[in-house]
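*Asks:* Sequence positions in the sequence shown follow the working numbering and run 3 to 358. Even glycine gets a Cβ: it sits at the ideal position worked out from N, Cα and C. Source: prediction; values computed, not measured. This is the structure I have questions about; it appears just below.
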Amino acid sequence: MKKYFSQTRVFTFLTILLFATACNGPAKKDVPKEKGSESNILSVAHPKLIKTIGSPKYGNVQSALQDKAGNLWFGTTENGLYKYDGKSFTQFLVADGLNSNNINALLEDKDGKIWIGTPAGVCLYDGKTFAKIQIPLRKNLPLNKFRKTQEVFSIMQDRNGKLWFATINGVYIYDGKSFTPFIIDEGGVGYMSSNNNAEYILEDKAGNIWFGGRGNKGVFRYDGISITNLKPNGDNWAWPALQDKNGNIWFSNWSGAYRYDGKSFTSFTKSNGLLSDSVMRIIEDKNGNIWFGGGGGICRYDGKSFTCFTTKDGLINQGIWAILEDKTGNLWVGTRETGLYLYDGKTFINYSEYKH
């Protein structure tokens with residue numbers, strides 16, 4: 003069901019304007035109702051995502067994207083995908099063509115299409131319809147009850163236009179026509195170490211591809227020819243997050259964050275100024291500040307010291323799952339259970355409305 007939300011119209015359990023559409027069928031245009039009938043498309047200052055306190059899973063915002071047209075996209079757990087055009091939110095669910103209401107990853111490719119990674123695989127949105135893309139299961143995979151589908155954790159498009167998918171069954175490369183498994187380990191099962199898989203993929207400015215995931219010993223770098231295993235802080239696993247303006251590669255995990263300068267790793271933990279050792283997301287803003295989101299709130303690092311934000315600054319829940327800086331410099335923060343926030347440089351504004 004495609005739905006529209008504003009600050010002044012709250013309906014129980016996210017039931018608002020319905021549009022009928024199928025995965026491969028045309029999505030209807032966003033047309034307001036005639037004058038005198040109920041319409042949820044209103045001109046308001048702060049439209050809201052709506053959640054129900056009784057069901058915390060509906061407040062989780064775990065992925066975010068701004069497309070070339072300036073629209074903001076937010077992926078949630080169990081509550082589908084939201085598109086925000088600056089005036090109102092549009093919600094997309096399985097009824098609109100998604101293969102799952104749990105959105106793990108979002109990517110806009112070079113052609114302006116939106117790729118959506120979910121526990122059920124991949125969907126592709128061309129601006130009108132959703133198409134379910136089937137990533138073929140590889141043969142001779144180790145038995146695992148969780149590998150019945152191709153859950154997609156993250157998606158990356160490299161400089162050559164190829165798409166990389168980190169899935170529960172290993173890494174796959176899509177050239178626009180077919181999927182090719184990318185073998186990382188010598189055992190040929192597509193994992194970096196026994197029974198562990200890549201969850202995040204990053205391409206650096208030199209064209210190296212970085213892989214990281216829970217349970218592995220360190221991180222892995224592919225230079226186009228061979229794979230190198232690097233180990234921050236002993237054997238710690240890590241998620242590759244970004245390459246900053248100075249060329250450093252940043253990684254996150256549940257023991258803090260790491261900065262790699264091409265020679266060695268520097269760790270950042272609670273003892274250095276973070277609110278928590280659990281770091282879920284890292285981004286760099288247009289001013290070169292590094293932002294860390296995790297279990298204790300959100301922190302900004304200016305290269306010398308940390309400034310951290312918690313409930314006293316407007317956050318209701320300090321569990322941070324997503325961070326996005328938009329083209330105007332505003333920071334959008336997705337949280338656990340309490341939805342979406344906008345940071346305007348002064349305070350956090352909650353974009354999620356609560357209904358018992």
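1) Quick one, are the C-beta atoms of Gly220 and Ala200 less than 7 Å apart?
2) What residue range is occupied by the uninterrupted beta strand (DSSP E) comprising Ile292?
3) Closest to Gly295 by C-alpha separation, out of Leu276, Asn289, Lys306 and Gly217, would be which residue?
4) Between the region 61 to 69 and the region 87 to 98, can you find at least three pairs of beta-carbon atoms closer than 8 Å?
5) With a CB to CB cut of under 6 Å and the five nearest residues on each side skipped, what residues in its chain are close to Thr312?
6) Among the residues of its own chain, which have a CB less than 6 Å from the CB of Gly290, if the five just before and after it don't count?
7) Give the DSSP bridge partners of Lys207, in chain order.
8) Kindly indicate the opening and closing residues of the beta strand (DSSP E) around Gly77.
9) Go ahead and label Asp98 buried or exposed: buried means 16 or more other beta carbons lie within 10 angstroms of its beta carbon, across all protein chains shown.
10) Between which two residues does the beta strand (DSSP E) carrying Ile229 extend?
11) In chain order, which continuous runs of the beta strand (DSSP E) of length 3 or greater are located wholly inside the region 102 to 170?
12) At the level of alpha carbons, what is the spacing between Trp241 and Trp256?
13) Could you check what DSSP says for Ser280 in three-state terms: helix, strand or coil?
14) How far does the beta strand (DSSP E) with Glu339 in it reach, from first residue to last?
15) Whose C-alpha, out of Asn104, Tyr353, Cys310 and Ile211, is nearest the C-alpha of Ile161?
16) Can you have a look at Ile422 and say buried or exposed, based on whether 16 or more other CB atoms are within 10 angstroms of its CB?
17) Straight-line CA distance for Gly163 to Ile116?
18) What residues are listed by DSSP as bridge partners for Trp241?
19) Could you check whether Glu205 and Leu1 sit closer than 7 Å to each other, using their CB atoms as the reference points?
20) Using the Cα positions of Gln152 and Val63, report the straight-line distance between them to the nearest angstrom.
21) What is the C-beta distance between Leu126 and Gly77, in whole angstroms, given that I count them as a contact (C-beta under 8 Å)?
22) Can you give me the Cβ contacts of Asp346 inside the same chain, cut-off strictly under 7 Å, excluding the 5 residues immediately before and after it?
23) Which residues in the same chain as Lys348 place their Cβ atom closer than 8 Å to its Cβ, once the five residues preceding and following it in sequence are excluded?
24) Using alpha carbons as the reference points, say which of Gly88, Asn73 and Ile325 lies closest to Glu110.
25) Let's test the definition: count the other Cβ atoms within 10 Å of the Cβ of Lys85 and tell me whether it reaches 16, buried, or not, exposed.
26) Rounding to the nearest angstrom, what Cα-Cα distance links Asn218 and Lys89 in this structure?
27) In terms of residue numbering, what span does the beta strand (DSSP E) encompassing Arg223 cover?
28) For Gln320, report the span of its beta strand (DSSP E) as first-last.
29) Mapping the DSSP letters down to three states, classify Thr313 as helix, strand or coil.
30) List the DSSP bridge partners of Tyr174.
31) Per DSSP, what are the beta-bridge partners of Arg302 in this structure?
32) Between Asn106 and Thr79, is the Cβ-Cβ spacing less than 7 Å?
33) Can you name, in chain order, every residue of its own chain whose Cβ lies under 6 Å from the Cβ of Phe308, other than the five neighbours on each side?
34) Compute the Euclidean distance between the alpha carbons of Gly178 and Phe167, then round it to the nearest angstrom.
35) Is Asn352 helix, strand or coil by DSSP?
*Replies:* This is what the structure gives:
1) Looking up residue 220 in the sequence shown gives position 218. Looking up residue 200 in the sequence shown gives position 198. Result no, Cβ atoms of Gly220 and Ala200 do not sit closer than 7 Å.
2) What you label residue 292 is simply residue 290 of the sequence shown in a count that begins at 1. That run of the beta strand (DSSP E) goes Ile292 to Gly296.
3) Taking the first residue of the sequence shown as 1, we reach residue 295 at position 293. Nearest of Leu276, Asn289, Lys306 and Gly217 to Gly295, Cα basis: Leu276.
4) no
5) Indexing the sequence shown from 1 puts residue 312 at position 310. Result list for Thr312: Gly299 and Gln320, in chain order.
6) Position 288 of the sequence shown holds residue 290. Answer for Gly290: Lys247, listed in chain order.
7) On the sequence shown, residue 207 is found 205 positions in, with the first residue counted as 1. DSSP output for Lys207 lists no bridge partner at all.
8) Start at 1 with the first residue of the sequence shown, and residue 77 comes out as number 75. Taken as a continuous stretch (DSSP letters only), the beta strand (DSSP E) holding Gly77 covers Leu74 to Thr78.
9) Position 96 of the sequence shown, counting from 1, holds the residue named residue 98. Buried: at least 16 other Cβ atoms inside 10 Å.
10) As a first step, residue 229 is located in the sequence shown; it is residue number 227 there, counting from the start. From DSSP, the beta strand (DSSP E) with Ile229 extends over Ile229 to Leu232.
11) 107 to 110, 116 to 120, 123 to 127, 132 to 135, 154 to 159 and 165 to 169
12) Mapped onto the sequence shown, residue 241 falls at position 239. Mapped onto the sequence shown, residue 256 falls at position 254. Those two C-alpha atoms are separated by around 10 Å.
13) Here residue 280 is taken as the residue at index 278 of the sequence shown, counted from 1. Of the three classes helix, strand and coil, the one that applies to Ser280 here is coil, per DSSP.
14) Stepping through the sequence shown from its first residue, residue 339 is reached at position 337. No beta strand (DSSP E) contains Glu339, which DSSP labels as neither H nor E.
15) Counted from its first residue, the sequence shown places residue 161 at position 159. It is Arg, not Ile, that sits at residue 161 in the sequence shown. Measuring from the Cα of Arg161, the nearest candidate turns out to be Ile211.
16) Missing from the structure shown is residue 422; the chain here goes from 3 to 358 and no further.
17) On the sequence shown, residue 163 is found 161 positions in, with the first residue counted as 1. On the sequence shown, residue 116 is found 114 positions in, with the first residue counted as 1. Near 14 Å, if we compare the C-alpha coordinates of Ile116 and Gly163.
18) Locating residue 241 in the sequence shown gives position 239, counting from the first residue. Paired residues: Ser254.
19) Nothing can be reported for residue 1: it is not among the residues displayed for the chain, which extend from 3 to 358.
20) In the sequence shown, counting from the first residue as 1, residue 152 sits at position 150. In the sequence shown, counting from the first residue as 1, residue 63 sits at position 61. Straight-line Cα distance between these residues: approximately 22 Å.
21) As a first step, residue 126 is located in the sequence shown; it is residue number 124 there, counting from the start. As a first step, residue 77 is located in the sequence shown; it is residue number 75 there, counting from the start. Incorrect: roughly 15 Å between the Cβ atoms, too far for contact.
22) For the purposes of this step, residue 346 is identified with residue 344 of the sequence shown, where counting begins at 1. Asn332, listed in sequence order.
23) As a first step, residue 348 must be located in the sequence shown, where it is residue number 346. Hits under 8 Å: none found.
24) Along the sequence shown, read from residue 1 onward, the residue named residue 110 stands at position 108. Minimum Cα distance to Glu110 is reached at Asn73.
25) To locate residue 85, count along the sequence shown from 1; it is residue 83. By the 10 Å Cβ count, Lys85 comes out buried.
26) The residue labelled residue 218 in the question sits at position 216 within the sequence shown. The residue labelled residue 89 in the question sits at position 87 within the sequence shown. Approximately 43 Å between the Cα atoms of the pair.
27) Taking the sequence shown and counting its residues from 1, one reaches residue 223 at position 221. Run containing Arg223: Val221 to Tyr224, per the beta strand (DSSP E) assignment.
28) Walking along the sequence shown from the start, residue 320 turns up at place 318. Counting along the chain, Gln320 falls outside any beta strand (DSSP E), and DSSP gives it neither H nor E.
29) Counting from one through the sequence shown, the residue named residue 313 turns up at place 311. In this structure, Thr313 counts as helix in the three-state DSSP scheme.
30) Start at 1 with the first residue of the sequence shown, and residue 174 comes out as number 172. Looking at the DSSP assignment, Tyr174 forms a beta bridge with Phe167 and Pro183.
31) The residue given as residue 302 occupies position 300 in the sequence shown. Looking at the DSSP assignment, Arg302 forms a beta bridge with Trp293 and Thr309.
32) As a position in the sequence shown, residue 106 is number 104, starting the count at 1. As a position in the sequence shown, residue 79 is number 77, starting the count at 1. Against a cut-off of 7 Å, the Cβ pair of Thr79 and Asn106 comes out as no contact.
33) Here residue 308 corresponds to residue number 306 of the sequence shown, with the count starting at 1. Only Gly275 and Cys301 meet the Cβ criterion.
34) The residue labelled residue 178 in the question sits at position 176 within the sequence shown. The residue labelled residue 167 in the question sits at position 165 within the sequence shown. Approximately 13 Å, taken between the alpha carbons.
35) Walking along the sequence shown from the start, residue 352 turns up at place 350. If DSSP states are grouped into helix, strand and coil, Asn352 belongs with the strands.
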